[in-house]
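Residue numbers (our numbering), protein chains in the order written: chain A, 1 to 367; chain B, 1001 to 1367.
There are 2 protein chains.
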Amino acid sequence: MNPSHLLGPVLVLGSGLLGASIGLGLRARGVDVVLSDPSPSAQAVAVDIGAGRALELAEPLNPELVVVAAPPDVSATVVAAALRRYPSAVVVDIASVKFAVLAELRTLVGEDLGLLSRYVGTHPMAGRERSGPVAARGELFNSMPWVLCPSEVSSAHAVKVAHSLAIDLDAVVFRFSPEEHDEAVALVSHLPQIMSSLVASRLAETPAHALSLAGNGLRDVTRIAASDPSLWVQILGANAPKLLEIMQGVRLDLDRLISTLSAPTAPGARLDLAQLMAEGNAGQSRIPGKHGGPPQQYSWLTVLVDDKPGQIAKLLTEIGEIGVNVEDLRLDHSAGLQVGMVELSVLPSKRVNLVQDLTERGWKVIQ
Amino acid sequence: MNPSHLLGPVLVLGSGLLGASIGLGLRARGVDVVLSDPSPSAQAVAVDIGAGRALELAEPLNPELVVVAAPPDVSATVVAAALRRYPSAVVVDIASVKFAVLAELRTLVGEDLGLLSRYVGTHPMAGRERSGPVAARGELFNSMPWVLCPSEVSSAHAVKVAHSLAIDLDAVVFRFSPEEHDEAVALVSHLPQIMSSLVASRLAETPAHALSLAGNGLRDVTRIAASDPSLWVQILGANAPKLLEIMQGVRLDLDRLISTLSAPTAPGARLDLAQLMAEGNAGQSRIPGKHGGPPQQYSWLTVLVDDKPGQIAKLLTEIGEIGVNVEDLRLDHSAGLQVGMVELSVLPSKRVNLVQDLTERGWKVIQ
């Protein structure tokens, strides 16, 4: 069945960042959204910002869809209760792990396939680094992946309603089995989180003068180490089986590296190091490019700009005049002087002329 | 002794990216630069782009400074030869590891402290991801750290000349002992490189549909995994003792994590995971901010823009009009629709008004 627009009402259980954002996005489409959160203050904020109206205890609600926007730990319990309380509603959750939630739900509803057929696990991949309804935005899911993970007993109708939710919020829909989903996010999301935290944790007692040499490499690798521990404890715990397998593979590679570093002049040591680096090259090159397209090699150039308002805008305006599309852009933070570096990536065929044109216009292109 | 400007002539041995960039930068100051490279074609390119003149075999050269811009593996040998051949010159190298180069040099020049007093190890932290003289730029070192690592027998004059080189190229000078330097870069540069490569290497055989869920977290963590294996093999090999210690610490943390993931419902498992994440938070927060200043918490906001030339420039121009300085900026690559997301960081006190002003001007601010 093709997705269509939701008719509502939609009951959103949980009004944190994601629940409130779902409410805002659906309200913007005119859908009747009813909110409920165990925290009265979170619920009140979500209502105040227009994410929906508060659930009245006595109200005889017959929702088309219940969205369980609760922490991963309690998602299955809330889903089970919602399936029982609203006997004609489709129920979805949005936890970042899918197999553990489904497994727990099965133990909670037993063999009642009628209940289970109305459930679809989903995972909108957006906005996990901030929290609370104050940060909510109706456009949070715009262009972001939203993974649907129906179980083998999910009804076609339930999948259609879950799909409609993602489409109504302008997300990009993917469909995975719960196992496939957990395996995929273990690799593309949980593994980098763990490794980033492992690197950053080594810096806790590093002398400050050593940290003064930190460059963009370290900043990039440790950026997500700033993530919220309480949420990640639940995610990592719930995906432990898949992660265990991956981390054991990492340990084998690490052991091989440690043995190489213990005898760096032994025959084959250089080859071992080269292999680690080359495997890294190969894996990195497979990560899809912008907008999910095939990996694409862009050429980078770096331009020096004064570190004051308007300079980057001026640079980008001139690049637009030259007629070149900037594919990616980042500011380079270097220690010391008050000068900024803007790294730009463009199609390789555009690079030489762009460097020349910018130089003629007086910009300092440094590499 | 305070640094002053170099008088020249300066002999640069090696005309890859760094050697040619040093030549270009010094030529721009009017210094006489003489180039030599074992590869005639690399030397010819460097001369053609104006990085200096070719070394003539019969020329009776008396350089003020010899810059050894050779790969780490051969730096000590080239330094020793230069110290002998140019008896009044200061000699510096620019390899990314300093203790191994000094140790090898000591075995090469024996107890001749007269020779050794004219040598200063240095490490300009710039531009290692590209190679070859074609990519050279005189401004490559502008605002980047340049670490001076004199030995205990380096003369004050030699240190002054090395310092002048860094200053003439507009770098930001740091001074470390060779051991301190290697310890610092092991943590802030080599460790993230290894961990990035370890993450990326796991993606080499990941199904493509799993990679379609890749987000900025994975992209950030694996960005430097694209680095050149041949250079990194030399760097990691030469810094093996310091790295070994760090990687053994990482293995202990990893073993603890693996044991936690093996029994994720055991008592204390949640606490172990929370501790890893919290240690990561603590370490990440210690990384210095922009321009080497203290770590600073900026507020982020994300704005949706059409993915076509000129849109980002327009956004930044309007932010300039509103009067807010953008501290950092990145494009968010999401799978799917042809819409771009610009993440901006600003001072926390500016965020609320900026969101409001941008929204009033018709921009979609999504978080």
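Don't be surprised by glycine CBs; every beta carbon is placed ideally from N, CA and C.
With H, G and I counted as helix, E and B as strand and the rest as coil, what does DSSP make of glycine 1053 of chain B? Here the sequence assigns arginine to residue 1053 of chain B, which means glycine is not the residue at that position. Reduced to three states, the DSSP call for arginine 1053 of chain B is strand.
Distance between lysine 364 of chain A and valine 1134 of chain B (C-alpha atoms, nearest Å): 16 angstroms
I'd like the list of long-range same chain contacts for tyrosine 298 of chain A, defined as Cβ closer than 6 angstroms, with 5 residues on each side in sequence excluded. Glu327, Ser345
Given a cut-off of 9 angstroms on the beta-carbon distance, is the pair serine 151 of chain A and leucine 108 of chain A in contact? no
If the cut is a Cβ gap below 7 angstroms, which residues of chain B does asparagine 281 of chain A touch? Ala1225, Ala1226, Pro1229
Starting from the N-terminal side, write out each stretch of the alpha helix (DSSP H) that is 4 residues or longer and does not extend beyond the segment 109-148 of chain A. 113-117
Proximity of arginine 1085 of chain B and glycine 1052 of chain B at Cβ, strictly below 9 angstroms: no
Report yes if the CB atom of leucine 9 of chain A is closer than 9 angstroms to the CB atom of asparagine 62 of chain A, and no otherwise. Residue 9 of chain A is actually proline in this sequence, not leucine. Taking 9 angstroms as the Cβ cut-off, proline 9 of chain A and asparagine 62 of chain A qualify as a contacting pair.
What's the C-alpha gap between glycine 336 of chain A and serine 1143 of chain B? Residue placement at glycine 336 of chain A cannot be trusted, given a pLDDT of 42 that sits under 50; the coordinates are not used to answer.
Taking CB distances under 9 angstroms as the criterion, tell me whether glycine 237 of chain A reaches chain B. yes
Please confirm whether phenylalanine 1174 of chain B has its beta-carbon closer than 9 angstroms to some beta-carbon of chain C. No chain C is present in this structure, whose protein chains are A and B.
DSSP three-state label for phenylalanine 176 of chain A, please. coil
Report the CB separation of leucine 1055 of chain B from alanine 1089 of chain B in whole angstroms; it is logged as a contact under 8 angstroms. With a Cβ gap of about 13 angstroms, leucine 1055 of chain B and alanine 1089 of chain B do not count as contacting.
Whether or not the segment 1067-1076 of chain B and the segment 1042-1050 of chain B are in contact is what I'm after, with contact meaning three or more pairs of Cβ atoms, one per stretch, closer than 8 angstroms; do they touch? no
For valine 1173 of chain B and serine 1368 of chain B, the rounded distance between their alpha carbons: Outside the shown range of chain B (1001 to 1367) lies residue 1368 of chain B, about which nothing can therefore be said.
Would valine 1199 of chain B count as contacting chain A if we go by Cβ distances under 9 angstroms? yes
Sequence ranges, beta strand (DSSP E) only - wholly within the segment 1163-1231 of chain B, length at least 3: 1172-1175
Interface flag, histidine 1157 of chain B vs chain A, CB-CB below 9 angstroms: no
Do the segment 209-220 of chain A and the segment 1183-1191 of chain B meet, that is, are 3 or more Cβ pairs less than 8 angstroms apart? yes
Measuring CB to CB, does leucine 252 of chain A end up less than 9 angstroms from leucine 276 of chain A? no
Pick helix, strand or coil for aspartate 32 of chain A, following the three-state DSSP scheme. coil
Inter-residue spacing [alpha-carbon to alpha-carbon] between alanine 1103 of chain B and tyrosine 1119 of chain B: 12 angstroms
For glutamate 111 of chain A, count the other beta carbons within 10 Å of its own beta carbon; 16 or more makes it buried, fewer makes it exposed. Which is it? exposed
Just the Cα atoms here: how many angstroms apart are histidine 1163 of chain B and valine 1091 of chain B? 12 angstroms
With DSSP as the reference, label arginine 1280 of chain B as helix, strand or coil. The displayed chain sequence assigns glycine, not arginine, to residue 1280 of chain B. Helix at glycine 1280 of chain B.
Just the C-alpha distance for alanine 1274 of chain B and aspartate 220 of chain A, rounded to the nearest angstrom, thanks. 22 angstroms
Using the C-alpha atoms, what's the distance from aspartate 306 of chain A back to arginine 361 of chain A? 15 angstroms
Expressed to the nearest angstrom, what Euclidean distance is found between the alpha-carbon atoms of threonine 222 of chain A and valine 161 of chain A? 38 angstroms
What first and last residue would you give for the alpha helix (DSSP H) that runs through valine 45 of chain A? 40-48
Selection from A/Leu331, A/Val324, A/Leu329, A/Gly340 that minimises the alpha carbon distance to valine 352 of chain A: A/Val324
Using a Cβ cut-off of 9 angstroms, which residues of the segment 249-265 of chain A contact any Cβ in chain B, in chain order? Gly249, Val250, Arg251, Asp253, Leu254, Asp255, Leu257, Ile258, Thr260, Leu261, Ser262, Ala263, Pro264, Thr265
Within the 9 angstroms Cβ cut-off, does isoleucine 194 of chain A reach chain B? yes
Can you list, in chain order, the residues of its chain whose CB lies under 7 angstroms from that of leucine 83 of chain A, leaving out five sequence neighbours each side? Val91, Val109, Leu115, Arg118, Tyr119
Taking C-beta to C-beta, are glutamate 343 of chain A and leucine 315 of chain A nearer than 9 angstroms? no
Just the C-alpha distance for glycine 280 of chain A and glutamine 1356 of chain B, rounded to the nearest angstrom, thanks. 43 angstroms
Kindly say whether serine 39 of chain A, judged by its beta-carbon, lies nearer than 9 angstroms to any beta-carbon of chain B. no
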